[in-house]
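Last residue of the sequence shown: 783 in my numbering, with the numbers rising by one and none dropped.
Written below as structure tokens is the structure these notes are about.
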Amino acid sequence: MKTKRLRKRHGQKKVEYRTKGRGLKSKSPVNEKDIARQVGTLAEPLCEAEGMELVYVEYQREAGGRVLRLYMDKPGGIILDDCARISRQLNDLLDVSLENVGPYRLEISSPGPDRPLGKLADFERFSGNRAKIRVSGHEADRPGKPSKGKTFQGLLMGVTEELVNFLPAGADDDQMMLIPFQEIIRARLVNHRKDSEKKSRS
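Laid out in structure tokens, this is it:
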């Protein structure tokens, strides 16, 4: 059974398409990050062929069971038909590729104002925007070593090699953090506005 939903968040429309996944009975423990990477490899060429960008993939346990969620975008924003089309193409591939994964719910969604950041290039692309970043233990330039699993909110300030430049909220300019990309557990923009209001990349 499929359900469709179109809702507003923070004054923007967020499109979501949900369908019950057909995963088989789990035969062994699964690594959520590995599953997300595997699905991303399958989904990215499908999205590109349809003129869309695969923004982020997450696979996690939520209330009611496991959810496999894909965020997509395109110039002008995606519509419900875009989500449904990718869902149909992806479902059969997932049945074969995720044979050891238990039942899950597949969701195809637009990024919304709290857009996930999954690629190093995203942190450069959205430089100057507010973001929330959760990091594991890592070496940082200033203000020292953040606690393991700590979440920071502040401004994205671009990328230097494999380091994300991040200015925490309320910090002085000389308290810029240099966060190794591989130590970022999760990152999202905060109340991000539409593409027309993004800073143009040089």
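Just so you know, even glycine gets a beta-carbon here, dropped at the ideal spot from N, CA and C.
What you are looking at is a predicted structure, and each value in this text was computed from that prediction instead of being measured.
Separation of Val620 from Met653, as counted between CA atoms: CA-to-CA, the gap between Met653 and Val620 works out to about 13 Å.
Quick check on this structure: which residue in Asn772, Arg767, Val771 and Gly739 has the alpha carbon closest to the alpha carbon of Leu759? Gly739
CB of Tyr685 within 8 Å of CB of Arg715, strictly: For Tyr685 and Arg715, no; Cβs fall outside 8 Å.
Which partner residues of Leu770 appear in the DSSP bridge assignment? Ala712
In the structure shown, what three-state DSSP assignment does Asp755 receive? helix
To the nearest angstrom, report how far apart Glu639 and Gly709 are at their CA atoms. 25 Å
Just list the residues that DSSP pairs Gly735 with in beta bridges. Looking at the DSSP assignment, Gly735 forms a beta bridge with Ala712 and Pro749.
Where does Ser691 fall in DSSP's three states? coil
Residue of Ser678, Phe747, Leu674 and Ala665 minimising C-alpha distance to Glu705: Phe747
When you compare only the Cα positions, how much space is there between Gln593 and Asn772? With a pLDDT of only 49 at Gln593, under 50, the local geometry of the prediction cannot be trusted, and no value is derived from it.
In the DSSP assignment, find the unbroken alpha helix (DSSP H) run with Arg669 in it and report its ends. Annotation for Arg669: the continuous alpha helix (DSSP H) segment containing it runs Leu661 to Ser678.
Count the other CB atoms within 10 Å of the CB of Val745; is the residue buried (16 or more) or exposed (fewer)? buried
If I follow the unbroken alpha helix (DSSP H) through Val620, where does it start and stop? Residues Glu613 to Ala630.
Start-to-end residues for the beta strand (DSSP E) that takes in Arg706: The continuous stretches of beta strand (DSSP E) do not include Arg706, which lies in the alpha helix (DSSP H) extending over residues Leu701 to Arg706.
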